[in-house]
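In our numbering, the protein residues as written are 339 to 460.
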């Protein structure tokens, strides 16, 4: 589940988020539902100009538990960072492809070309 909030200042956004999270907590308690707060995180998206400014400490809480601020997060298999740039996603995909290619290279010593083709296409 994702929650996107915008505002003119960081303090306004933090106030809105804490208000919404408080209402979500009440709803969950009323319906006997639970969120694993230890897995909950938040990210502050910024423009390139904003990323050079000093960062304020933002206190985002779900009930009594503070949420951890992260610089990047994996969403639907895609790594998104706070500046919405693709460098970390590209690096992740490059590592995975490089690993797969090296495994195929090592398989050529052991398997026939038909089996390697089957592995490649799977």
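Cβ coordinates follow ideal geometry from the N, Cα and C atoms, glycine included.
Boundaries of the alpha helix (DSSP H) harbouring residue 433: 425–445, taken from the DSSP string. DSSP places residue 408 in no beta strand (DSSP E); its state is neither H nor E. Per DSSP, the unbroken beta strand (DSSP E) holding residue 417 starts and ends at 416–419. Between the C-alpha atoms of residue 384 and residue 424 there is a straight-line separation of about 14 Å. Here the alpha carbons of residue 365 and residue 373 stand approximately 11 Å from one another. In the three-state DSSP reduction, residue 387 falls in the coil class, being neither helix nor strand.
The straight-line gap separating the alpha-carbon atoms of residue 403 and residue 339 is approximately 18 Å. Residue pairing from DSSP leaves residue 342 without any beta-bridge partner.
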